[in-house]
Amino acid sequence: MSDQNKGLYDDQYERFFKSKDQAQGYDFQEAQSGSAAPPAVTFLQKLRWWSWDRWKRMKTIRAARDRRLEEILEIKNLPPK
Numbered sequence: 027m028s029d030q031n032k033g034l035y036d037d038q039y040e041r042f043f044k045s046k047d048q049a050q051g052y053d054f055q056e057a058q059s060g061s062a063a064p065p066a067v068t069f070l071q072k073l074r075w076w077s078w079d080r081w082k083r084m085k086t087i088r089a090a091r092d093r094r095l096e097e098i099l100e101i102k103n104l105p106p107k
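Heads up, the sequence shown is in this note's numbering, so the first residue is 27 and it goes up one at a time.
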């Protein structure tokens with residue numbers, strides 16, 4: 027049972043502060059290189075409400091999504107270093 031005076035993550039913060047001097051490297055394998063926006067799909071023509079090529083745009087967006095998903099799945103199957 028949790029202590030009524032402690033917050034939801036207080037035990038995790040406490041463990042972190044106790045072991046911060048002995049820590050080496052990162053907890054999650056690699057550091058983030060920074061804040062970056064996800065890649066966007068771009069088109070030659072500006073999107074208008076009357077666009078006739080909506081099906082082409084959706085096909086392009088789905089293809090880009092599927093490529094990124096495949097890349098993520100490939101990362102999962104890479105052998106450990």
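Here a beta-carbon is modelled for each residue, glycine too, at the ideal position from N, C-alpha and C. Since the structure is predicted, the reported quantities are computational estimates derived from the model, not experimental observations.
Nearest-angstrom Cα separation, counted from L104 out to D92: 19 Å
Alpha-carbon spacing of P65 relative to K102, whole angstroms: 20 Å
8 Å CB neighbourhood of I87 in its chain, flanking five on each side removed: V67
Closer than 8 Å: P105 CB and nearest the ligand HEM heavy atom: With respect to the ligand HEM, the structure shown offers nothing to examine, as it has no ligands at all.
C-alpha gap between Y39 and D47, whole angstroms: 14 Å
Environment of M27 [buried if 16+ CB atoms lie within 10 Å]: Below a pLDDT of 50, predicted positions are generally treated as unreliable, and M27, at 49, falls in that range; the measurement from the model is reported next regardless. Counting Cβ neighbours within 10 Å, M27 comes out exposed, since fewer than 16 surround it.
CA-to-CA distance, K32 to L95, given in whole angstroms: 40 Å
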